Every structure is written in structure tokens, then in C-alpha cells.
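Student: Below you'll find the structure I mean.
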Amino acid sequence: MPLHWSTAHCGGPWVITGYEEVAAALRDPRFSVRRAARWINSGLGESGNGQQDEAQRQFKRLFSRSLLFLDGRAHRRLRGVLNPGFKPADLQARRGDITALAQRLADDIVADPQAARSFDFIARFARPLPALVIAQLLGLPDRVPAEFIDWAADLAAFIGSPTPDVTQTLAAQQAMRNLCDFFSQALARADELPEACLLRGLLQAHASGQLNRNELLAQCCTLLFAGYETTRNLLGNGVLALLQDPAQWAALKSRQADPAALRLAVREMLRHDSPVQYTGRRLLQDVTLAGQRLQRGQLAILHIGQANHDARRFRDPQRFDIRRDEGMHLSFGQGPHVCLGAALTQLEAEIAFSVLMQRLPTLSLADETPVWQGNATYRALDRLSVFF
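In short: position in the sequence shown from 1, add 132, done, that's the working numbering.
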């Protein structure tokens, strides 16, 4: 069944699992992403019923102004502000800088006497690389605090929970406050920012009246979080899939000089183990999908991970095959909310795996069992021990 009603999630949403059905819902503006306030209220329990303090109200204001939770005109306006910073040609111009960051991380691993020829791939490579890259794009290459990864984890735990509890909600609130304080300080020193960076572009848009202060801070936090989380998960999941099938790892290394082969391999990593497993939508109108009547106000879970394994769309979908060329996965979404940083994530991953093949070609899995995060939305490893 590509679509069914489930009482096991969030009190009863529609769960959409078919490729064509998920793609149709992603493109349909009647499936709304505006759910931040309801989400925060549910996480705060009784304190969400008109009892929030000012910190909680500000958290709701900021979260509700993130590009992730806006539809229609407001979404188009903010996306128009952000789009220039993600032009594919401009991102390709940063290939050398991203390559240098990946090479530095790999070389540090090889040179580390404590590594003893084994290390945690997540801690030493998958986490730091996307954090360093997005910091560079923002214009803060040397100023992202060490606590950033912890703040991102708190936001991911909240966003990734179908029903966040009070602890998760308050931790995310504090993480957002920390990020806003950090960005407020960075924006106050605008003269220190590079000419071509995301923060300078956002400041110029704010000065021209294209976005207000809350929207400015909300997009800063969104960029830092979203630019980190998806890529971090892709790198970890991709390495695990390759090393679990040494023949695939060997095949990729034999074709490492072929950019098209590497592009296909990363696409298959995204399809096989999507960094974002599902996304939620709220119905603005009654909709008929796959013969079912979805009613206004109901919640729909668009299960991207299962859609990417739909046998109607992909042959032998459970098999990981770096040569697969059967069209696009849905891991970056479709429609108005297609991932703003899709080209950046793809580029980072291609560079990362190219560097790993050059610097750490003998990578293999250690005996330790991989440790996964307990997060329903984000398919993310906490620890992956490997030999080199």
C-alpha cells in the first residue's frame, strides 16, 4: 500500500510510502509545512497552552520564521534571498577550498599516533567536514564554536521527533538561543565578513527590508543546522554501505578518476539510506491521493526512505549498487521545498569520497558494531569504528 492511515504515529496521520505518491505530495502546495507552533506547544505540554515565558515565545517566533516551516509567499520571498548563495557555478568555484578541508581531516587521521590505525569515522571526519564547510560559506571559517555540533544535535533531536517531549523542546530552545547569540555577535562585526559569503548577503537583504531581524536570525540558524546535518548523515551512511560491501568499495576505487561514476555512487548512497527518512505535512484542503480521501487539517507523513525503496520505481531496491542509474531519489525532496543545499551536499560528498579513496584507500570496518542515533527522522550514525 503506497498510502495508509496509521494510529502508531502522532495520534493518527496518513503515512505515504510510494515513490510517485510521496513525490506528488512534495510538489502539492496543499500539503503544508507550517507546523512549528503546534509542534513546540505539544513539546511544552501544559506550558504550551498560553503559559510560555518570553524565551519560549521567542523560540516559537524564530522557529516559525525558518525557511523549513514556511509556505507560499513568505517561503518564496526568503528562498529568493537565499538562492544566490547556492548557485551551482559558485559552489563549484569552492571545490578547491572544500577539498583542502577534507584533505586536512584525512591527513590528521593518518598522522595521529593515537589512532593506532583505527578511528571513529563520525567523530573524526563525518561531523567536522560539513561543519567546516558551512562555516566557510557563511563567512565564519575560524569562528564557529566547538559547541556547535552539540547545539545541532539538540535541534536534530527536537526536529526529528514525531512527538518531542519537554526535555527535547527546552534543549532545542536553548540551542537556538545559543546560535542566535553567536550570530548576533558575528553580524555586529559585519566589517570582518568576506565580501562573498552567505551572512553578508543576508545582512544586505535585511538592510533593504527583504527580511526582518527574526527572519535574519532564523535563516542563519537554519543554514548552519541544515547545512551540517544532512551531509554528516550522508557521509556516515555512505561509508558504512561501501565498507559493508567491499566489492562496491573496490569498484568505486577502480573508477575514482571518473567524475560521473562518483556522482552516481553518491546518488545511490542518498537513495539507499536517505539522511532524512521522512517529513511531515499538514493538509490545507481535502486531497484525493492513491484513491484515498485525505481531509483538511490531517497530518501526513511523507516517508522518503521507503519511497526510495519502492519496487515500482527501482529494480531490486534493497540492493546497494553504485552503478545504479534509474533516475533520482527523493532524498532532497521535490517541489517548492526541494533542498536548497542539494548541490552543496552532493559536491561535498563527491569531494569527501574522492579524498578518502586517495588518502585512506584501505578503509575497512572494525569489529565494533556501528552505533545509530535513536532518531526517527534523521538516519544518523553516532559512532562508526573503521580501520585504515
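Heads up, the beta-carbon is just placed ideally off N, CA and C, and yes, glycines get one too.
None of these values were measured; they are calculated from a predicted model.
Helix, strand or coil for Val276 per DSSP?
Tutor: Residue 276 sits at position 144 when you count from the first residue of the sequence shown. In the structure shown, Val276 sits in coil (DSSP, three-state: anything other than H, G, I, E or B).
Student: Count the other CB atoms, across all protein chains shown, that sit within 10 Å of the CB of Gly217; report buried if there are 16 or more and exposed otherwise.
Tutor: Counting from 1 along the sequence shown, the entry for residue 217 is found at position 85. That one is buried.
Student: What's the gap between the Cα of Arg403 and the Cα of Leu421?
Tutor: Here residue 403 is taken as the residue at index 271 of the sequence shown, counted from 1. Here residue 421 is taken as the residue at index 289 of the sequence shown, counted from 1. Using only the alpha carbons, I get a separation of about 23 Å.
Student: Could you have a look at Val147 and say whether DSSP puts it in helix, strand or coil?
Tutor: As a working note, residue 147 is residue 15 in the sequence shown. Val147: strand per DSSP, three-state reduction.
Student: Any heavy atom of the ligand NAD closer than 7 Å to the beta-carbon of Tyr360?
Tutor: The ligand NAD is not part of this structure, which contains no ligands at all.
Student: Could you give the DSSP three-state label for Val398: helix, strand or coil?
Tutor: As a working note, residue 398 is residue 266 in the sequence shown. In this structure, Val398 counts as helix in the three-state DSSP scheme.
Student: To which residues of the same chain is Ile471 closer than 6 Å at the C-beta, ignoring the five residues directly before and after it?
Tutor: By one-based count along the sequence shown, residue 471 stands at place 339. Residue 471 is actually Cys in this sequence, not Ile. So the qualifying residues of the chain are Phe464 and Gly465.
Student: Per the DSSP calculation, Trp137 is bridged to which residue(s)?
Tutor: As a working mapping, residue 137 is identified with position 5 in the sequence shown. According to DSSP, Trp137 bridges with Trp146.
Student: Could you check what DSSP says for Phe314 in three-state terms: helix, strand or coil?
Tutor: For the purposes of this step, residue 314 is identified with residue 182 of the sequence shown, where counting begins at 1. The answer is helix: DSSP assigns Phe314 an H, G or I state.
Student: Evaluate Met460 with the Cβ neighbour count: other Cβ atoms within 10 Å of its Cβ, from every protein chain shown; 16 or more gives buried, anything less gives exposed.
Tutor: To locate residue 460, count along the sequence shown from 1; it is residue 328. So Met460 ends up on the exposed side.
Student: Pick helix, strand or coil for Ala187, following the three-state DSSP scheme.
Tutor: Locating residue 187 in the sequence shown gives position 55, counting from the first residue. Reduced to three states, the DSSP call for Ala187 is helix.
Student: Around the Cβ of His136, are there at least 16 other Cβ atoms within 10 angstroms (buried) or fewer (exposed)?
Tutor: Here residue 136 is taken as the residue at index 4 of the sequence shown, counted from 1. Here His136 is exposed, its C-beta having fewer than 16 other C-beta atoms within 10 Å.
Student: How about the segment 436 to 454 and the segment 142 to 157: do they share at least three Cβ pairs that are nearer than 8 Å?
Tutor: As far as the Cβ criterion goes, the segment 436 to 454 touches the segment 142 to 157, which means the pair count is three or higher.
Student: Kindly confirm or deny that the segment 326 to 340 and the segment 292 to 307 touch, where touching means at least three C-beta pairs closer than 8 Å.
Tutor: By the Cβ test, the segment 326 to 340 is not in contact with the segment 292 to 307, since fewer than three Cβ pairs between them sit closer than 8 Å.
Student: Measure from the alpha carbon of Arg428 to the alpha carbon of each residue in Arg162, Thr139 and Gly212, then state which is nearest.
Tutor: On the sequence shown, position 296 is the one that residue 428 refers to. The shortest C-alpha separation from Arg428 is found at Arg162.
Student: By Cβ distance, which residues of its chain are closer than 7 Å to Arg413, with the 5 residues on each side in sequence left out?
Tutor: Along the sequence shown, read from residue 1 onward, the residue named residue 413 stands at position 281. Correct list, in chain order: Ala157, Phe163, Ser164, Val165, Ala432 and Leu434.
Student: Have a look at Thr149, His207 and Ala397 and flag the residue whose alpha-carbon is nearest the alpha-carbon of Ala382.
Tutor: Within the sequence shown, the letter at position 250 stands for residue 382. Taking only the C-alpha atoms, the option nearest Ala382 is Ala397.
Student: If Ala481 sits next to Arg309, beta carbons under 8 Å apart, how far is it from one beta carbon to the other, in whole angstroms?
Tutor: Mapped onto the sequence shown, residue 481 falls at position 349. Mapped onto the sequence shown, residue 309 falls at position 177. Actually they do not touch by this definition, with Cβ atoms about 31 Å apart.
Student: Pick helix, strand or coil for Ala422, following the three-state DSSP scheme.
Tutor: Locating residue 422 in the sequence shown gives position 290, where the first residue counts as 1. Three-state DSSP puts Ala422 in coil, outside helix and strand.
Student: Just how far apart, CA to CA, sit Pro220 and Asn369?
Tutor: Counting from one through the sequence shown, the residue named residue 220 turns up at place 88. Counting from one through the sequence shown, the residue named residue 369 turns up at place 237. Cα to Cα, Pro220 sits roughly 24 Å from Asn369.
Student: Mind checking whether Leu233 and Leu264 have CB atoms under 8 Å apart?
Tutor: Along the sequence shown, read from residue 1 onward, the residue named residue 233 stands at position 101. Along the sequence shown, read from residue 1 onward, the residue named residue 264 stands at position 132. The answer is yes: Cβ separation under 8 Å.
Student: Leu200 and Thr354 - do their beta-carbons sit closer together than 8 Å?
Tutor: One-based indexing of the sequence shown puts residue 354 at position 222. One-based indexing of the sequence shown puts residue 200 at position 68. Yes, the pair counts as a contact, with Cβ atoms nearer than the cut-off.
Student: Taking 8 Å as the threshold, find out whether the segment 313 to 331 comes into contact with the segment 443 to 455 through three or more Cβ pairs.
Tutor: no
Student: Ends of the alpha helix (DSSP H) at Ala206?
Tutor: The residue given as residue 206 occupies position 74 in the sequence shown. Here the alpha helix (DSSP H) through Ala206 covers Gly204 to Leu214.
Student: Sort out for me which residues DSSP pairs Arg309 with in a bridge.
Tutor: For the purposes of this step, residue 309 is taken as the residue at position 177 of the sequence shown. Looking at the DSSP assignment, Arg309 forms no beta bridge with any residue, so it has no partner.
Student: How about Leu495 and Leu488: are their beta carbons less than 8 Å apart?
Tutor: By one-based count along the sequence shown, residue 495 stands at place 363. By one-based count along the sequence shown, residue 488 stands at place 356. Yes. Within cutoff.
Student: Along the beta strand (DSSP E) that carries Ser293, what are the first and last residues, could you check?
Tutor: Within the sequence shown, numbered from 1, the residue matching residue 293 stands at position 161. Ser293 -> no beta strand (DSSP E), and no H or E assigned at all.
Student: Span of the alpha helix (DSSP H) holding Tyr360?
Tutor: Counting from one through the sequence shown, the residue named residue 360 turns up at place 228. Run containing Tyr360: Arg345 to Gln376, per the alpha helix (DSSP H) assignment.
Student: With DSSP run on the structure shown, which of helix, strand or coil describes Ala383?
Tutor: Taking the sequence shown and counting its residues from 1, the one referred to as residue 383 is at position 251. Of the three classes helix, strand and coil, the one that applies to Ala383 here is helix, per DSSP.
Student: Rounding to the nearest angstrom, what Cα-Cα distance links Ala248 and Ala225 in this structure?
Tutor: Locating residue 248 in the sequence shown gives position 116, counting from the first residue. Locating residue 225 in the sequence shown gives position 93, counting from the first residue. If I take the Cα positions, the gap works out to 36 Å.
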